Every structure is written in C-alpha cells, then in structure tokens.
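Residue numbers (the numbering used here): -3 to 69.
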C-alpha cells in the first residue's frame, strides 16, 4: 500500500480554510493529526481527510479559552 506524501501546515491551513497561525495552534494543541519532524509539523493527507470526515475536534477548553469567565450582572 502506497502512502500519500505528507503535506505542510501551510497546505493544511488552505485545505481547512484557516490561517497558517490557526493551523499551527491546532497542531501544537494536539487537535490536528500531525507528524512532528524536529520543529516542523507535517500532516498525512489521508488522516486529515478522516479528521474532516469525522467532524474534527474542538480546542481543549473551547474557543474562548483564556478570555476569563464573565460574571453575570
């Protein structure tokens, strides 16, 4: 079985319709299925397709993480 070549985070960002910075954040947080090569990340396009088909995954703590809780008045 021949595997597809790994793609860069820039290519991954384009495929997901997000910025490179967002793709890098998702990779660092362990949300995207990445292969780490020293300080670089690569993505298996087959695993990315599965990730998308399964609806992805949210960032740990939600998208408003770090903004602090707002008390109800």
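The C-beta atom is built at its ideal place from N, Cα and C for all residues, glycine as well.
Note that the structure is predicted; figures quoted are calculated from it, not measured.
In the three-state scheme derived from DSSP, where H, G and I count as helix and E and B as strand, residue 15 is classed as coil. The criterion of a C-beta distance shorter than 8 Å is satisfied by residue 38 and residue 4. In the DSSP assignment, residue 33 is bridged to 36.
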